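Respectively, the protein sequence lines represent chains A and B.
For the first sequence, the working numbering begins at 1 and goes up steadily by one.
For the second sequence, the working numbering begins at 1 and goes up steadily by one.
Built from N, CA and C at the ideal position, the CB exists for glycine as well.
Since the model is a prediction, treat every value here as computed from it, not as a measurement.
First up is the structure itself, then whatever we jot down about it.
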Amino acid sequence: MKVKKKTIGLVVYFILLMLPIYWMLNMSLRSNADILAFFTLYPKNITFANYIKIFTDSSWYMGYVNSIIYVALNTVISLSVALPAAYAFSRYQFVGDKQLFFWLLTNRMAPVAVFALPFFQLYSTIGLLDTHIAVALSHCLFNVPLAVWILEGFMSGVPREIDETAFIDGYSLPRFFITIFIPMIRAGVGVTAFFCFMFSWVELLLARTLTVTNAKPISAIMTRTISATGLDYGLLAAAGMLTIVPGALVIWFVRNHMAKGFALGRV
Amino acid sequence: MEKWPNNKAWFLVIPVFVIVAFSAFIPLMTVINYSLQDILAPGQSVFVGTEWYKEILSDYRLHEALWRQFLFSGLVLLIEMPLGILIALAMPKRGWGVPASLVTIALPLLIPWNTIGTIWIIFTRPDIGLFGFGMNNLLGIPFDHTASSLDAWITVMLMEVWHWTPLVALLAYAGLRAIPEAYYQAARIDGASAWSTFFYIQLPKMRGVLTIAFLLRFMDSFLIYAEPFVLTGGGPGNSTTFLSIYLVKIALLQFDLGPGAAFSLIYFVIVLSFSFIFYQALLRVGKGETV
């Protein structure tokens, strides 16, 4: 009986979790006039006009392309710099290692709002304002420390005898690292990529501050639905629904790794 | 196991150091620079010392925002931590239910923060939202987050709990999965009740992940910006103006660089010191409880 009660509780929680998302889906399938005219639990006259508008208007769909470009860039940069560093932290003792590790983590705690203004000036000085790379680099501020932290946890789970054996067998450090070590911690790399993707994808303030038109993320473009006639809820809801899709896809791909990765105890 | 002493390891860390230093040192220096000067025009500034700090520290709106922020973060931790643990305990341990519930739970975490705000605007508006309409017309409770401060708070709290409890649940679930089956077998042989299994095995074993969850939730709720900004814009009045919202108002909208920079640094120091204190405290509590 006890197990039953648990399951019922969980199902109720899942329904509550999905309800707001369902509501947005409901709105996205109705026209704005329809939404404002009457209240209904499900769309009676389904229209895809909102979605069609987003997919045919380049100022809309380019927002998604921009977001995906800088998120992908950020994930690649974060992983490629964090992998060797995490290895150093998990295997070697060197001058200032603990201080450096703590300093990295403090950047994860920095209020993003603090950095918005100096970043704007920094990137306009070096002429990178309104480029994808600027947003990707600025997101490294919180993603690189996180990536180092997670990867270090996974790497410390691999016994050091494996490294020693490989070195005795004549492997060089880079070759060992790429051909043996990274494949061993691929679940960790997957989890790290997942978190880098997640935090870069959901961030708004820096992405909005550092872009004007060419690299503007979809989340900033969504504010355009406020027009002279008021808020276009249908269009806003459709744009919102589409921002959920990439995240849902990523979760689907890492779902099996996620359980394993989480089980190792780092984020 | 001792780590290998080798200072050449710095070469492996240099890329990280350079990339984070570029994003951290230069802006931080800029902020410190601004906080000590009055910028009258581009290229024309006067050194004002600690003037801005005094001004900001005596700003009553900052005090209000700070207490609001503490209340918010306190409530968030109070609600999300137990709820997250409960959900993790209820989640299935094997079978098709595992990926299904993981995917469902992780979904809110992958939604961009301003979309979260949008979802909750649409969900709670009294005219078109399921929640707002239901409260007003079915239960007869007047509810409008754009007009009443209390309703705005309730909406922001609901949104926050909806959005971030999954993170606590996922971490707690990971901690639970890492407990070897032998511990449960031992507990069964000893005839331990569900409660004592929870208090003497599961909770101590989850200490590490719960510490991380607690710190992440504290930091992120203390830094919250986009969701309440989209949902309420800090209003009605200033009732949901949290620290970040107030800071952005000063620094980016009014362009008061000096006070904004001083504010930034004070903010940073508060977050840093609280996280450090919590971290130390949690480590100490944990040591006493380890089985």
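In the DSSP assignment, what residue or residues form a beta bridge with residue i?
| i | result |
| --- | --- |
| Ile39(B) | Ser45(B) |
| Gln202(B) | For Gln202(B), which the question treats as bridged, DSSP gives no partner whatsoever. |
| Gln93(A) | Pro5(B) |
Quick check on residue i: buried or exposed, where buried means 16 or more other Cβ atoms within 10 Å of its Cβ?
| i | result |
| --- | --- |
| Phe218(B) | buried |
| Leu243(B) | buried |
| Lys4(A) | exposed |
| Val8(B) | The residue asked about is misnamed: residue 8(B) is Lys in this sequence, not Val. Per the 10 Å Cβ criterion, exposed. |
| Ala186(B) | exposed |
| Phe38(A) | exposed |
| Pro183(A) | exposed |
| Ile224(B) | buried |
| Leu12(A) | Note that residue 12(A) is Val in the sequence shown, not Leu. It is exposed - the Cβ of Val12(A) has fewer than 16 other Cβ atoms within 10 Å. |
| Ala24(B) | buried |
| Gly129(B) | buried |
| Lys216(A) | buried |
| Pro84(A) | buried |
| Val46(B) | exposed |
| Lys98(A) | exposed |
| Ala21(B) | exposed |
| Tyr70(A) | buried |
| Asn45(A) | exposed |
| Pro228(B) | buried |
| Ala147(B) | exposed |
Can you confirm whether residue i, when its beta carbon is compared against all beta carbons of chain B, has any partner nearer than 8 Å?
| i | result |
| --- | --- |
| Pro183(A) | no |
| Ser124(A) | no |
| Phe253(A) | no |
| Gly247(A) | yes |
| Ile35(A) | yes |
| Lys44(A) | no |
| Phe39(A) | yes |
| Tyr171(A) | no |
Just to confirm, are residue i and residue j a CB contact at a threshold of 8 Å?
| i | j | result |
| --- | --- | --- |
| Val112(A) | Leu205(A) | yes |
| Ile244(A) | Ile111(B) | yes |
| Ser58(A) | Ala238(A) | no |
| Gly84(B) | Ala172(B) | yes |
| Thr240(B) | Ala152(B) | yes |
| Phe199(A) | Phe142(A) | yes |
| Tyr123(A) | Ala134(A) | yes |
| Pro145(A) | Leu104(A) | yes |
| Leu62(B) | Phe263(B) | yes |
| Leu17(A) | Thr104(B) | yes |
| Phe177(A) | Phe167(A) | no |
| Phe298(B) | Ala110(A) | Nothing can be reported for residue 298(B), as the shown portion of chain B is limited to 1 through 291. |
| Pro166(B) | Pro108(B) | yes |
| Gly49(B) | Leu28(B) | no |
| Ile179(B) | Ile201(B) | yes |
| Arg314(A) | Pro99(B) | There is no way to answer for residue 314(A), as the model of chain A reaches only from 1 to 267. |
| Asn32(A) | Tyr42(A) | no |
| Ile221(A) | Gly63(A) | yes |
| Arg125(B) | Gly132(B) | yes |
Could you tell me which chain B residues have their CB closer than 8 Å to the CB of residue i, listed as they occur along the chain?
| i | result |
| --- | --- |
| Met155(A) | Ordered by position in chain B, no residue passes the 8 Å Cβ test against Met155(A), which lies about 12 Å from the chain. |
| Thr243(A) | Ile111, Pro112 and Thr115 |
| Asn256(A) | Pro99 |
| Arg91(A) | Lys3, Trp4 and Ala9 |
| Lys6(A) | Leu89 and Ala90 |
Output, in chain order, the set of chain A residues within a Cβ distance shorter than 8 Å of residue i.
| i | result |
| --- | --- |
| Gly260(B) | Leu117 |
| Phe123(B) | Leu19, Pro20, Trp23 and Met24 |
| Ala251(B) | Ala113, Ala116 and Leu117 |
| Ile128(B) | Met27, Ile35, Leu36, Phe39 and Tyr233 |
Would you say residue i faces chain A, with C-beta separation under 8 Å as the test?
| i | result |
| --- | --- |
| Ser35(B) | no |
| Lys205(B) | no |
| Thr290(B) | Per-residue confidence for Thr290(B) stands at a pLDDT of 41, beneath the threshold of 50, marking its modelled position as unreliable; the derived number appears in the next sentence. Chain A contact via Cβ: absent. |
| Tyr53(B) | no |
| Met91(B) | yes |
| Ser73(B) | no |
| Tyr225(B) | yes |
| Phe278(B) | no |
Chain A partners of residue i, CB-CB under 9 Å?
| i | result |
| --- | --- |
| Ser193(B) | Those do not exist, as Ser193(B) stays about 12 Å from chain A at its closest Cβ, beyond 9 Å. |
Below 7 Å on C-beta distance, what does residue i contact in chain A?
| i | result |
| --- | --- |
| Tyr267(B) | Pro111 and Val114 |
| Pro108(B) | Leu17 |
| Pro292(B) | In the structure as shown, chain B starts at 1 and stops at 291, and residue 292(B) therefore has no counterpart that could be examined. |
Using a Cβ cut-off of 7 Å, pull out every chain B residue sitting near residue i, in sequence order please.
| i | result |
| --- | --- |
| Ala98(A) | Contrary to the premise, residue 98(A) reads as Lys rather than Ala in this sequence. Near Lys98(A) there are no residues of chain B at all, since even the closest Cβ is about 11 Å away, more than 7 Å. |
| Gly240(A) | Thr115, Thr118 and Ile119 |
| Leu204(A) | Pro112, Trp113, Asn114 and Ala226 |
For a contact defined as C-beta to C-beta under 9 Å, what are the partners of residue i on chain B?
| i | result |
| --- | --- |
| Gly9(A) | Leu86, Ile87 and Ala90 |
| Asn107(A) | Val20, Ser23 and Ala24 |
| Tyr70(A) | Result: empty, since nearest Cβ-Cβ is about 13 Å, beyond 9 Å. |
| Tyr51(A) | What Tyr51(A) touches in chain B: nothing, since even the nearest Cβ is about 15 Å away. |
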